[in-house]
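Visitor:
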Amino acid sequence: MTDQEKLWAKRRAKAAKLSGPKPVELPSHSWRCQVMVDGRRISVVDDDPEVAHAKALAIKTGMLVSKDKEQKVTVDEAISRYIQAGEGALSPTTIRGYETMRKHRFPGLMSRDVHTITRLDVQRAVSDEAKKVSAKTIKNAYGLLTAVLKDYGVDVSGVKLPQRVKRQKQYLTVEEVVKLIDCAVGDPCELPIVMAVWLGMRRSEICGLYWDCVDFDGGKVEVRRAMVPDKDNKWIIKEYPKNEGSQRLVGCPDYIMEKLRGMYHGQQGRVFQWHPDTVRKHVHAICKRAGITDTTVHGLRHANAAIMILLNVVDQYAMARNGWTSDYTFKQIYGYVFPDGAQETDQIINAFLEEKLKLHTDLHTENSGD
91 MTDQEKLWAK
101 RRAKAAKLSG
111 PKPVELPSHS
121 WRCQVMVDGR
131 RISVVDDDPE
141 VAHAKALAIK
151 TGMLVSKDKE
161 QKVTVDEAIS
171 RYIQAGEGAL
181 SPTTIRGYET
191 MRKHRFPGLM
201 SRDVHTITRL
211 DVQRAVSDEA
221 KKVSAKTIKN
231 AYGLLTAVLK
241 DYGVDVSGVK
251 LPQRVKRQKQ
261 YLTVEEVVKL
271 IDCAVGDPCE
281 LPIVMAVWLG
291 MRRSEICGLY
301 WDCVDFDGGK
311 VEVRRAMVPD
321 KDNKWIIKEY
331 PKNEGSQRLV
341 GCPDYIMEKL
351 RGMYHGQQGR
361 VFQWHPDTVR
371 KHVHAICKRA
381 GITDTTVHGL
391 RHANAAIMIL
401 LNVVDQYAMA
411 RNGWTSDYTF
421 KQIYGYVFPD
431 GAQETDQIIN
441 AFLEEKLKLH
451 TDLHTENSGD
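Sequential numbering of the sequence shown, starting at 91, is according to this note's numbering.
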């Protein structure tokens, strides 16, 4: 045991003898004691558990004024500080999401001092939100809230969140994908739509595609930028895609490369100059015109994932092609099974077991006859 480990062990022995408030060892091996003063939770942290304990008792009895007590910080202010601190590292989309949560989620907590928030307060707020928004929205907002409160020594873990209800979504079949591509011919947004369903590219990646990322000789496009809304809901170009795995090279078929060549006349900048919502509207219009299941640009990415599953594409290749960082995202969130494939699987399994059962029955009958 090192000298440092011996010191930590000695402090743990001292902490074991203390109570009211009980010192808690932090991951940093510092010690924290918490007391309630005027309805607010005050945290005292020190390297020595006895010192933290003594200071906490002094604050409790009024002999010492806590810095926390002098400065009230509302939940709203705490979230704003959290966002500001991460502006250099967080993506514009993430910041926009955080700002939306701050403005619309848990309104009953926003004006409260962070040090007075309890697990019961958060549980009530979550229950109220469950009447208005989806379980996924609540989970995201709760994740932000717990991270912010943790910075102030407030632990509200263990709150029960509403269970997510898995909805039966309507997806395109293989036949509908073919009809979509065929019906998109001649449409102003034909190429973005085809690239979404054929290459599995996100709308943000398609709208953020620049000509300097199109390799005509190699027949590839590089996914390097993304077009996303910022916190003020203005569309901007982000010089990096959604995550590290999203930056990738995607091989294009001649069908797509020839159409790109037809558009290129030496210009620079974005390949597609339309507003992202324009592409969305054209997808809906083409689905209606083709008489197929209505979907979105993002739904086309789901269809692409399903095609790769149908073709038994190796997970790692599928993930690299579409920019996913985990097979869970690929299979559980994006991938789905085409009805025809599921029906064929049913038939194979049923035929196999029926044949086995028939052999068993025939054998049993023969033995009975003996």
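For glycine and all other residues, C-beta sits at the position ideal for the given N, C-alpha and C.
Note that the structure is predicted; figures quoted are calculated from it, not measured.
Buried or exposed for S294, going by 16 or more other Cβ atoms inside 10 Å?
Guide: Along the sequence shown, read from residue 1 onward, the residue named residue 294 stands at position 204. Classification of S294: buried, given that the 10 Å Cβ count is 16 or more.
Visitor: Which same chain residues, not among the five before or five after A66, have their C-beta less than 8 Å away from its C-beta?
Guide: Past the boundaries of the shown model lies residue 66; the chain is included only from 91 to 460, so the question cannot be answered.
Visitor: With contact counted as at least three CB pairs below 8 Å, one residue from each stretch, are the stretch 297-305 and the stretch 262-280 in contact?
Guide: Touching, no, given that fewer than three Cβ pairs across the two stretches are closer than 8 Å.
Visitor: Who does M126 pair with in a DSSP beta bridge?
Guide: For the purposes of this step, residue 126 is taken as residue 36 along the sequence shown, with counting starting at 1. According to DSSP, M126 bridges with R131.
Visitor: Exposed or buried, which one is Q124 when buried takes at least 16 other CB atoms within 10 Å?
Guide: Within the sequence shown, numbered from 1, the residue matching residue 124 stands at position 34. It is buried - the Cβ of Q124 has at least 16 other Cβ atoms within 10 Å.
Visitor: Tell me the residue span of the beta strand (DSSP E) that contains E177.
Guide: Start at 1 with the first residue of the sequence shown, and residue 177 comes out as number 87. From DSSP, E177 is part of no beta strand (DSSP E); its letter is neither H nor E.
Visitor: Let me check understanding here. Comparing Cα to Cα, which of E312, T385, R351, Q363 lies closest to I326?
Guide: The residue labelled residue 326 in the question sits at position 236 within the sequence shown. Residue Q363 is the option with its Cα nearest to I326.
Visitor: Count the CB pairs spanning the stretch 172-186 and the stretch 134-153 that are closer than 8 Å, and state whether there are at least three.
Guide: No: fewer than three Cβ pairs fall under 8 Å.
Visitor: Just to confirm before moving on: does the CB-CB distance between Q358 and W301 stay below 8 Å?
Guide: On the sequence shown, residue 358 is found 268 positions in, with the first residue counted as 1. On the sequence shown, residue 301 is found 211 positions in, with the first residue counted as 1. Yes, these two residues count as a Cβ contact at 8 Å.
Visitor: Answer with buried or exposed for N412, where buried requires no fewer than 16 other C-beta atoms within 10 angstroms of its C-beta.
Guide: Your numbering for residue 412 matches position 322 in the sequence shown. Counting Cβ neighbours within 10 Å, N412 comes out buried, since at least 16 surround it.
Visitor: Give me the residue from I228, A237, T190, E329 with the minimum Cα distance to K321.
Guide: Translated into positions along the sequence shown, residue 321 becomes position 231. Nearest of I228, A237, T190, E329 to K321, Cα basis: T190.
Visitor: Under 8 Å, do T164 and R192 count as touching if we go by C-beta distance?
Guide: Locating residue 164 in the sequence shown gives position 74, counting from the first residue. Locating residue 192 in the sequence shown gives position 102, counting from the first residue. For T164 and R192, no; Cβs fall outside 8 Å.
Visitor: Which runs of the alpha helix (DSSP H) at least 4 residues long sit entirely within the stretch 198-254? Give them in chain order.
Guide: Within the stretch 198-254, the complete alpha helix (DSSP H) runs of at least 4 residues are 209-219, 225-240.
Visitor: Residues bridged to P319 by DSSP?
Guide: Here residue 319 corresponds to residue number 229 of the sequence shown, with the count starting at 1. Its beta-bridge partners are W325.
Visitor: Apply the 10 Å Cβ neighbour rule to R379 and answer buried if 16 or more other Cβ atoms are within range, or exposed otherwise.
Guide: Working through the sequence shown from its first residue, we reach residue 379 at position 289. R379 comes out exposed.
Visitor: With DSSP as the reference, label V340 as helix, strand or coil.
Guide: What you label residue 340 is simply residue 250 of the sequence shown in a count that begins at 1. The answer is strand: DSSP assigns V340 an E or B state.
Visitor: Looking only at its own chain, which residues have a Cβ that is under 6 Å from the Cβ of R101, when we skip the five neighbours before and after it?
Guide: Walking along the sequence shown from the start, residue 101 turns up at place 11. Cβ neighbours of R101 beyond the five flanking positions: P139.
Visitor: How is E160 classed by DSSP in three states: helix, strand or coil?
Guide: Here the question's residue 160 lines up with position 70 in the sequence shown. At E160, the pLDDT of 46 sits below 50, so the modelled position is not reliable; the number obtained from the coordinates is stated separately. E160 falls in the helix class under three-state DSSP.
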